[in-house]
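*Asks:* Quick one: structure below, then a few questions.
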Amino acid sequence: MVEVDSTYHAIQAKERMARWTEETPETFRFVVKAYREMTGHGRREGAPVRSAKAIFQEFRESVKPMADAGKLTAVLFQFPPWYDCTSKHVQYIRRCRQACADLPLAVEFRNQTWFAPQFRDRTLRFLEDEKLIYVVCDEPQAGVGSVPVIPAVTHSEQAIIRFHGRNTSGWNKAGRSDAHWRDVRYAYRYSEEELKEWVPRVIKMKEHAEQVSLLFNNNSQGDAANNAKQMMHLLGIEPKGLAPRQIEMF
Numbered sequence: 000m001v002e003v004d005s006t007y008h009a010i011q012a013k014e015r016m017a018r019w020t021e022e023t024p025e026t027f028r029f030v031v032k033a034y035r036e037m038t039g040h041g042r043r044e045g046a047p048v049r050s051a052k053a054i055f056q057e058f059r060e061s062v063k064p065m066a067d068a069g070k071l072t073a074v075l076f077q078f079p080p081w082y083d084c085t086s087k088h089v090q091y092i093r094r095c096r097q098a099c100a101d102l103p104l105a106v107e108f109r110n111q112t113w114f115a116p117q118f119r120d121r122t123l124r125f126l127e128d129e130k131l132i133y134v135v136c137d138e139p140q141a142g143v144g145s146v147p148v149i150p151a152v153t154h155s156e157q158a159i160i161r162f163h164g165r166n167t168s169g170w171n172k173a174g175r176s177d178a179h180w181r182d183v184r185y186a187y188r189y190s191e192e193e194l195k196e197w198v199p200r201v202i203k204m205k206e207h208a209e210q211v212s213l214l215f216n217n218n219s220q221g222d223a224a225n226n227a228k229q230m231m232h233l234l235g236i237e238p239k240g241l242a243p244r245q246i247e248m249f
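Start counting the sequence shown at 0; every next residue gets the next number (numbering that gives the first Met the number 0).
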């Protein structure tokens with residue numbers, strides 16, 4: 000499985016998505032990040048001005064080859080740190096679900112208000128009612144722009160855990176340029192003891208979901224792959240059915 004980040008920056012051509020689908024093994028799966036305008040991050044510089052309806056339609060067409068082939072694990076809606084728990088934001092997520100009714104959607108929050116004592120259970124119940132996959136996060140506990148570890152399952156078919164590292168000092172932007180901030184933010188290598196914390200959680204989550212997918216995003220210094228291999232070893236997972244070749248991504 001791979002997480003596709005390029006779809007956040009620009010909606011990819013349907014032909015490119017079809018090629019990735021065709022050139023990967025039968026068992027290969029994708030988690031595709033929703034385009035930035037779909038998650039409140041704003042329009043990128045130079046991007047055309049389009050209606051929300053047009054953006055969602057173009058995005059659905061883009062991922063259709065993966066979805067039709069059964070290789071799309073989820074479209075990841077990663078909402079920004081300022082996206083707090085309000086009625087307006089709840090209704091927008093509901094509209095996203097309606098706009099992508101035929102696609103598996105996963106939701107990741109980066110604002111603690113969604114899990115304040117008075118909202119935590121209601122947030123998880125809302126995701127379950129809307130058939131949305133809750134993305135569990137392992138990340139620094141660095142104020143309102145981070146969320147606590149809540150290993151919950153809201154979808155019977157799929158659960159997702161994302162590992163962002165625990166670089167508390169680098170998590171918040173604090174005046175850095177975007178490029179430098181991203182390099183610092185995800186610079187972290189998990190220790191074996193930190194990964195072991197997740198073994199019983201993953202096993203417990205697997206009791207409530209057919210599949211639990213673990214994604215390592217601590218990639219700015221090349222630690223993600225090694226930590227993923229460590230976690231596979233701890234969980235007793237052996238890779239199967241992967242073609243011994245590098246696909247052409249562009």
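Glycine included, every Cβ here is placed at the ideal spot set by N, Cα and C.
1) Rounding to the nearest angstrom, what Cα-Cα distance links E44 and F76 in this structure?
2) I'd like to know if the segment 182-201 and the segment 153-167 are in contact, where contact means that at least 3 CB-CB pairs between them fall below 8 Å.
3) Using 9 Å as the threshold, is the C-beta distance between V3 and K32 below it?
4) Determine the extent of the alpha helix (DSSP H) in which S145 is found, giving its start and end residues.
5) When the distance is taken between beta carbons, is P147 closer than 9 Å to W170?
6) So for T72, helix, strand or coil by DSSP?
7) Which residues mark the beginning and the end of the alpha helix (DSSP H) in which R59 is found?
8) Specify the secondary structure class of A224 as computed by DSSP and reduced to three states.
9) For a test of your reading of the model: does the CB of S212 fall under 8 Å from any non-hydrogen atom of the ligand ZN? Yes or no.
10) How should I92 be labelled, buried or exposed, when 16 other C-beta atoms within 10 angstroms of its C-beta is the threshold for buried?
11) Report, in whole angstroms, the separation of the C-beta atoms of A227 and I132, which I expect to be a contact under 8 Å.
12) Compare the Cα-Cα distances from A186 to each of K130, G41, N166 and report the closest residue.
13) Does the beta-carbon distance from L102 to A53 come in below 9 Å?
14) T20: which of S5, K130, F55, L71 sits nearest, CA to CA?
15) Just to confirm my understanding: we take I246, look at its own chain, exclude 5 residues before and 5 after, and list those with CB closer than 8 Å. What are they?
16) Near M248, what residues of its chain come up, given a Cβ to Cβ distance below 8 Å and the 5 sequence neighbours on each side ignored?
17) Less than 9 Å between the C-beta atoms of V201 and Q157, yes or no?
18) Does DSSP put C95 in a helix, in a strand, or in coil?
19) Could you please give the first and the last residue of the uninterrupted alpha helix (DSSP H) stretch that includes K251?
20) P150 and K203: beta carbons closer than 9 Å?
21) What is the C-beta distance between Q111 and V143, in whole angstroms, given that I count them as a contact (C-beta under 8 Å)?
22) With a 10 Å radius around its C-beta and 16 neighbouring C-beta atoms as the bar for buried, classify V198 as buried or exposed.
23) Rounded to whole angstroms, what is the Cα-Cα separation between A105 and E129?
*Replies:* Reading from the atomic positions:
1) Counted from its first residue, the sequence shown places residue 44 at position 45. Counted from its first residue, the sequence shown places residue 76 at position 77. Distance between the alpha carbons of E44 and F76 is about 21 Å.
2) yes
3) For the purposes of this step, residue 3 is taken as residue 4 along the sequence shown, with counting starting at 1. For the purposes of this step, residue 32 is taken as residue 33 along the sequence shown, with counting starting at 1. Between V3 and K32, the C-beta gap is smaller than 9 Å, which places the two residues in contact.
4) In the sequence shown, counting from the first residue as 1, residue 145 sits at position 146. Unbroken run through S145: none, as it is neither H nor E.
5) Sequence index remark: in the sequence shown, residue 170 carries index 171 (1-based). Sequence index remark: in the sequence shown, residue 147 carries index 148 (1-based). In this structure, P147 does not lie closer than 9 Å to W170 by Cβ.
6) As a working mapping, residue 72 is identified with position 73 in the sequence shown. T72 falls in the strand class under three-state DSSP.
7) Position 60 of the sequence shown, counting from 1, holds the residue named residue 59. Per DSSP, R59 belongs to the alpha helix (DSSP H) from 51-67.
8) By 1-based counting over the sequence shown, the position of residue 224 is 225. Residue state, collapsed to three classes: helix.
9) Within the structure as shown, the ligand ZN is missing, as the structure has no ligands at all.
10) On the sequence shown, position 93 is the one that residue 92 refers to. With a threshold of 16 other beta carbon atoms within 10 Å, I92 meets it and is buried.
11) Within the sequence shown, residue 227 is the residue found at index 228, counting from 1. Within the sequence shown, residue 132 is the residue found at index 133, counting from 1. That pair is no contact at about 20 Å.
12) Within the sequence shown, the letter at position 187 stands for residue 186. Per the Cα distances, N166.
13) Residue mapping note: residue 102 aligns to position 103 of the sequence shown, counting from 1. Residue mapping note: residue 53 aligns to position 54 of the sequence shown, counting from 1. The answer is no: Cβ separation not under 9 Å.
14) Reading the sequence shown from its first residue, position 21 is the one you call residue 20. If we check each option's Cα against that of T20, L71 comes out closest.
15) For this step, residue 246 is matched to residue 247 along the sequence shown. At I246, the pLDDT of 49 sits below 50, so the modelled position is not reliable and the matter cannot be decided from this model.
16) Mapped onto the sequence shown, residue 248 falls at position 249. Per-residue confidence for M248 stands at a pLDDT of 47, beneath the threshold of 50, marking its modelled position as unreliable; the derived number appears in the next sentence. For M248, where only same-chain residues beyond five positions count, the Cβ hits under 8 Å are W19.
17) Position 202 of the sequence shown, counted from the first residue, corresponds to residue 201. Position 158 of the sequence shown, counted from the first residue, corresponds to residue 157. Result no, Cβ atoms of V201 and Q157 do not sit closer than 9 Å.
18) As a first step, residue 95 must be located in the sequence shown, where it is residue number 96. C95: helix per DSSP, three-state reduction.
19) Lying before the first or after the last residue shown, residue 251 is absent from the chain, which here runs from 0 to 249.
20) Taking the sequence shown and counting its residues from 1, one reaches residue 150 at position 151. Taking the sequence shown and counting its residues from 1, one reaches residue 203 at position 204. Cβ atoms of P150 and K203: closer than 9 Å.
21) Mapped onto the sequence shown, residue 111 falls at position 112. Mapped onto the sequence shown, residue 143 falls at position 144. Correct: roughly 5 Å between the Cβ atoms.
22) The residue labelled residue 198 in the question sits at position 199 within the sequence shown. That one is exposed.
23) To locate residue 105, count along the sequence shown from 1; it is residue 106. To locate residue 129, count along the sequence shown from 1; it is residue 130. One Cα belongs to A105, the other to E129, and the distance between them is close to 11 Å.
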